[in-house]
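Colleague:
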Amino acid sequence: MDRVRVRFAPSPTGPLHIGGVRTALYNYLFAKQNGGDFLLRIEDTDQTRFVPGAEEYIIEAFQWLGIKFDEGVGIGGPFGPYKQSERKPMYKQYADQLIETGWAYYAFDTPEALDARRKEAEAQKQTFQYDATTRDTLCNSLSLSKEEVAQRLESGAPYVIRFKYPADLDITVHDLIRGDVTINSNLLDDKVLFKSDGMPTYHLANIVDDHTMEISHVIRGEEWLPSAPLHVMLYKAFGWEAPQFAHLPLLLKPDGNGKLSKRDGDRLGFPVFPLQWKDPKSGEISSGYRESGYLPEAVINMLALLGWNPGTEQEMMDLDTLVKLFSIDKISKSGAKFNLEKAKWFNHQYIQLADDERLYTHFEKVLKDHGVTADKEYAIAVMRLIKERVHFLPEFWEQCNYFFVAPTEYDPQAVKKRWKPGTAAHLAKMLDILNSVQPFDKQIVHDKIMEYVQSNELNMGAIMNSFRIALVGAAKGPELFEIISCIGVEETNRRVKAACEKIEEPTL
RNA sequence: GCUGGAUUCGUCUAGUGGCCUAGGACAUCAGGUUUUCAUCCUGAAGAUCGCGGGUUCGACUCCCGCAUCCAGUACCA
3 MDRVRVRFAP
13 SPTGPLHIGG
23 VRTALYNYLF
33 AKQNGGDFLL
43 RIEDTDQTRF
53 VPGAEEYIIE
63 AFQWLGIKFD
73 EGVGIGGPFG
83 PYKQSERKPM
93 YKQYADQLIE
103 TGWAYYAFDT
113 PEALDARRKE
123 AEAQKQTFQY
133 DATTRDTLCN
143 SLSLSKEEVA
153 QRLESGAPYV
163 IRFKYPADLD
173 ITVHDLIRGD
183 VTINSNLLDD
193 KVLFKSDGMP
203 TYHLANIVDD
213 HTMEISHVIR
223 GEEWLPSAPL
233 HVMLYKAFGW
243 EAPQFAHLPL
253 LLKPDGNGKL
263 SKRDGDRLGF
273 PVFPLQWKDP
283 KSGEISSGYR
293 ESGYLPEAVI
303 NMLALLGWNP
313 GTEQEMMDLD
323 TLVKLFSIDK
333 ISKSGAKFNL
343 EKAKWFNHQY
353 IQLADDERLY
363 THFEKVLKDH
373 GVTADKEYAI
383 AVMRLIKERV
393 HFLPEFWEQC
403 NYFFVAPTEY
413 DPQAVKKRWK
423 PGTAAHLAKM
433 LDILNSVQPF
443 DKQIVHDKIM
453 EYVQSNELNM
463 GAIMNSFRIA
473 LVGAAKGPEL
483 FEIISCIGVE
493 ETNRRVKAAC
503 EKIEEPTL
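Start counting the first sequence at 3; every next residue gets the next number (the working numbering).
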C-alpha cells in the first residue's frame with residue numbers, strides 16, 4: 003500500500019456524537035503523521051434516516067475543531083462524489099458482479115416472512131440466521147428455479163441481494179489494535195448488500211467506496227468489529243486488496259457502563275456533541291461543547307487522551323504535537339469512560355494558554371451576551387486579571403461583571419461574616435486615604451492603608467473584605483487595589499458610599 | 001441465547017518476564033501562598049494489577065479455565 007489515505011464516514015442522521023469526533027481525530031492524526039490524505043465521506047444510504055442539517059453540522063463541527071479534510075463533501079477532490087447517495091448508480095454493478103461470480107444471490111423474502119422465521123426460532127430458543135443451513139428453505143435464487151427467478155426479476159418483484167458465505171470457513175481479520183480476530187463463517191448471517199429500494203447497504207457501499215477511493219487504513223469504532231469479517235470477505239470476493247483495519251475502543255458513560263449517549267450528557271450535565279444541535283422535528287436542543295464554553299483545543303486534547311497516550315507523561319498537546327506523537331499501537335483496547343472533571347481541567351489550562359487577542363474574541367462575546375460593550379483595552383486588562391478563575395468561557399461573566407456594573411446586591415454570607423459594627427466608619431476612613439493619594443498609586447494607597455490598620459490595631463482581613471464587598475458585592479475576585487485601579491477612584495467612592503447606605507450594620 | 005472484544009488506583013492511563021516495595025494525570029484530603037474567591041506550590045491517601053490454575057529461578061507482563069462488563073446479532077449505519 004503506497005499512500006496513506008483514511009476517511010471519516012459519518013451518516014447524516016443527526017448531530018455528530020463526540021465519539022465520532024474522536025474517531026475522526028484519530029484518522030486525521032494518522033493521516034497527517036504519514037503525510038497522507040484525510041477524507042470526509044457522507045454515508046447516506048438509508049434514506050429513511052436522513053436528517054436535514056446534519057451534513058452541514060458535521061462540516062461546521064470540524065471547522066470549529068480545526069480538523070481539516072483534504073477531500074470530501076464540501077471540499078471536492080479527484081475521487082468524488084463523496085456522498086453515497088450521489089454515487090448510487092455505481093453500486094448496482096458491483097452487486098451484480100458478485101452475483102455473477104457466485105458470491106451473492108437474490109432474495110425475495112418479505113420482511114414479514116423473515117420476521118415470522120425469527121419469531122419461530124425464538125420460540126424454540128434458537129436464533130434464526132439466513133445462512134447455508136437455511137437458504138434452501140427461504141425464497142431466493144438458490145432455492146428457486148432459474149425460470150422462477152428470471153420471472154420474478156422481470157416482473158419487478160422486490161428483491162435484495164445477499165452475500166453468500168462459504169460454509170465452515172475461518173475468516174481472520176487482522177486488526178492493528180487487537181491483532182488477529184477469527185470467526186467461522188457458519189456463525190455469520192448472509193448479510194443484505196443491496197436493498198430493495200435500489201440502494202446498497204453500508205457494507206457494500208463502504209467496501210466499494212473505500213476501494214475506489216483508495217483508502218489504505220480503515221480506522222473506525224469497535225462497534226464495527228463484528229462486521230469486519232464480512233468486509234474482509236467482500237474484498238476477497240471482489241479480488242481487491244483490503245485496507246488495514248483498526249477498531250477503536252468505545253467511549254463509555256462516566257458512571258456505570260455502556261456507550262456514552264446523549265441522555266448521559268443531559269443527565270450529568272456535559273455536552274455529548276461538539277456543537278449545539280436543534281432537532282428539526284422535535285425542536286429539542288442538545289448542548290454542544292462550543293456553546294458550553296469549551297475551547298476546541300481542549301476538546302481535542304481531552305479526546306485524544308481518551309483511549310490513547312503518547313507513552314510519556316506529557317498531557318498537554320495541541321493538534322500539531324498530537325500529529326507528531328500519535329501512533330496506532332498506543333491506542334488502548336478497552337473502552338474509556340468520559341470524565342467531566344478532566345475535561346474541565348483541560349479547558350482551564352487552555353484558557354490560561356490562549357493569547358489575549360483570541361481569548362478576547364470570546365470574552366467580548368460573553369460581555370455582549372450580557373449587554374456590555376466595553377473599551378477593548380480595558381476589557382483585556384480585566385480579562386487578564388480574572389481568567390485564571392474561569393474554567394468555561396461563560397464563567398467570565400460572573401467573574402468580571404463588577405468591573406462593568408456596580409453591584410446591586412451583596413452576598414449575604416459574606417456580609418454576615420465581614421460587615422461588623424464600625425465597618426462603615428472604617429470604610430469612610432479608607433476612602434479618605436484613597437482620595438488623599440493623587441494621582442492614584444496602588445502601592446502608596448496599599449501602604450497607607452496598611453499603616454492605618456496597624457496603628458489602630460485593626461484587622462487587615464476584616465477591613466479589606468468589607469471594602470471588597472462594597473466594590474464587588476461578594477468575597478471574590480483579584481487583589482483589591484487592582485480592582486480599584488481598574489474601576490477608578492471615583493467609582494470606588496460611589497460604590498463604598500452606596501454599600502454603606504444599603505448594608506445595615508448589625509447591632510451589638 | 002449466540003458470537004466477538006475487553007479486564008492495572010474513583011476516572012484516564014504507564015507497564016511487552018527481573019528496573020514494580022506498580023509510575024503519572026484528573027478528582028479527593030491535608031498543609032502553604034493570597035486581605036477574599038479562584039489559581040498556584042508542597043504533601044498524603046488511593047490499585048494484593050478481575051478470580052483460579054499453570055509455565056518459569058522469577059509474572060501485572062506468557063498459557064489455560066472461570067467471572068464480570070461491553071459490542072454485535074436489521075432491507076441502520
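Heads up, the beta-carbon is just placed ideally off N, CA and C, and yes, glycines get one too.
Hey, Met304 and Phe348: beta-carbon distance below 7 Å or not?
Modeller: Yes, they are a contact pair.
Colleague: What is the residue span of the beta strand (DSSP E) that Leu42 lies within?
Modeller: Element bounds for Leu42: 39-42.
Colleague: Hey, how far is the Cα of Leu355 from the Cα of Trp399?
Modeller: The alpha-carbon atoms of Leu355 and Trp399 are separated by roughly 19 Å.
Colleague: Could you tell me which residues DSSP puts in a beta bridge with Glu45?
Modeller: BP columns for Glu45 are empty, so no partner.
Colleague: List the residues that DSSP assigns as beta-bridge partners of Gln86.
Modeller: None; Gln86 has no bridge partner.
Colleague: Decide yes or no for the touch test of the segment 217-233 against the segment 304-323: beta carbon pairs closer than 8 Å, at least 3 of them.
Modeller: No, the segment 217-233 does not touch the segment 304-323.
Colleague: Could you work out which residue in Lys339, Lys238, Asp377 is closest to Pro251 when comparing CA atoms only?
Modeller: The shortest C-alpha separation from Pro251 is found at Lys339.
Colleague: Can you name the start and end residues of the beta strand (DSSP E) that Thr363 belongs to?
Modeller: Per DSSP, Thr363 belongs to no beta strand (DSSP E); it is in the alpha helix (DSSP H), 358-371.
Colleague: By DSSP, does Asn303 sit in helix, in strand, or in coil?
Modeller: DSSP places Asn303 in helix when its eight states are reduced to three.
Colleague: Across the segment 264-274 and the segment 179-198, are there enough close Cβ pairs to call them in contact, namely three or more that are closer than 8 Å?
Modeller: As far as the Cβ criterion goes, the segment 264-274 does not touch the segment 179-198, which means the pair count is below three.
Colleague: Excluding the 5 residues preceding and the 5 following Gly74 in the sequence, name in chain order all residues of the same chain whose CB lies nearer than 7 Å to its CB.
Modeller: Taken in chain order, the residues that qualify are Leu41, Leu42, Arg43, Tyr84.
Colleague: For a quick check, are the C-beta atoms of Asp172 and Asn186 less than 7 Å apart?
Modeller: Contact: yes.
Colleague: Counting C-beta neighbours from all protein chains within 10 Å, is the total for Ser334 16 or more, i.e. buried, or is it exposed?
Modeller: Result: exposed.
Colleague: Tell me which residue opens and which closes the alpha helix (DSSP H) that Phe240 is part of.
Modeller: Per DSSP, Phe240 belongs to the alpha helix (DSSP H) from 230-240.
Colleague: Taking only three categories from DSSP, how would you classify Asp177?
Modeller: In the structure shown, Asp177 sits in a strand (DSSP, three-state: E or B).
Colleague: Using a threshold of 7 Å, state whether the C-beta atoms of Ile382 and Cys402 are closer than that.
Modeller: No, these two residues do not count as a Cβ contact at 7 Å.
Colleague: Can you give me the C-alpha to C-alpha distance between Glu225 and Gln86, rounded to a whole angstrom?
Modeller: Distance between the alpha carbons of Glu225 and Gln86: 21 Å.
Colleague: As a quick exercise: from Thr375, Lys346, Tyr291, Trp105, pick the residue whose alpha carbon is nearest that of Met235.
Modeller: Considering only alpha carbons, the answer is Trp105.
Colleague: Three Cβ pairs or more, each shorter than 8 Å: is that satisfied between the segment 423-431 and the segment 490-505?
Modeller: Judged by Cβ distances under 8 Å, the segment 423-431 makes contact with the segment 490-505, as three or more pairs qualify.
Colleague: Check Gln153 in the structure and name its three-state DSSP category.
Modeller: Three-state DSSP puts Gln153 in a helix.
Colleague: Consult DSSP for Ser187 and reduce its assignment to one of helix, strand or coil.
Modeller: Helix at Ser187.
Colleague: Ends of the beta strand (DSSP E) at Val194?
Modeller: Counting along the chain, the beta strand (DSSP E) containing Val194 begins and ends at 194-196.
Colleague: Give me, in chain order, the residues of the same chain whose beta-carbon lies closer than 6 Å to that of Gly337; leave out the 5 immediate sequence neighbours on both sides.
Modeller: Same-chain partners within the cutoff: Pro251, Leu252, Leu254.
Colleague: Just reading off the beta strand (DSSP E) that Val8 is part of, what are its end residues?
Modeller: Run containing Val8: 7-10, per the beta strand (DSSP E) assignment.
Colleague: Pick out the complete beta strand (DSSP E) segments inside the segment 53-120, 3 residues or longer, and give them in chain order.
Modeller: Counting whole runs of 3 or more residues, the segment 53-120 contains the beta strand (DSSP E) stretches 106-109.
Colleague: On the three-pair Cβ rule with 8 Å, is the segment 320-330 touching the segment 29-41?
Modeller: Touching, yes.
Colleague: So the candidates are Ile163, Ala477, Gly290, Lys70; which of them puts its Cα closest to the Cα of Trp421?
Modeller: Minimum Cα distance to Trp421 is reached at Ala477.
Colleague: Can you say whether Val392 is buried or exposed, counting buried as having 16 or more other CB atoms within 10 angstroms of its CB?
Modeller: With 16 or more Cβ atoms within 10 Å of its Cβ, Val392 is classed as buried.
Colleague: Out of Ala63, Ser13, Ile61, Met215, which has the shortest C-alpha to C-alpha gap to Val53?
Modeller: If we check each option's Cα against that of Val53, Ser13 comes out closest.
Colleague: Would a C-beta distance cut-off of 7 Å place Asp192 and Asp133 closer than the cut-off?
Modeller: Yes, Cβ-Cβ distance for Asp192 and Asp133 is below 7 Å.
Colleague: Less than 8 Å between the CB atoms is what I'm expecting for Pro168 and Ala97, so what's the real figure, rounded?
Modeller: So it is not a contact: roughly 18 Å between Cβ atoms.
Colleague: Based on the DSSP output, what are the partners of Ala248 in its beta bridges?
Modeller: Answer is Ile221, bridged to Ala248.
Colleague: Can you look up Trp421 in the DSSP assignment and give me helix, strand or coil?
Modeller: If DSSP states are grouped into helix, strand and coil, Trp421 belongs with coil.
Colleague: On the criterion of 16 or more Cβ atoms from any shown chain inside 10 Å, does Asn29 qualify as buried, or is it exposed?
Modeller: By the neighbour-count rule (16 or more Cβ atoms within 10 Å), Asn29 is buried.
Colleague: What would DSSP say about Asn495, mapped onto helix, strand or coil?
Modeller: Note: Asn495 maps to helix in three-state DSSP.
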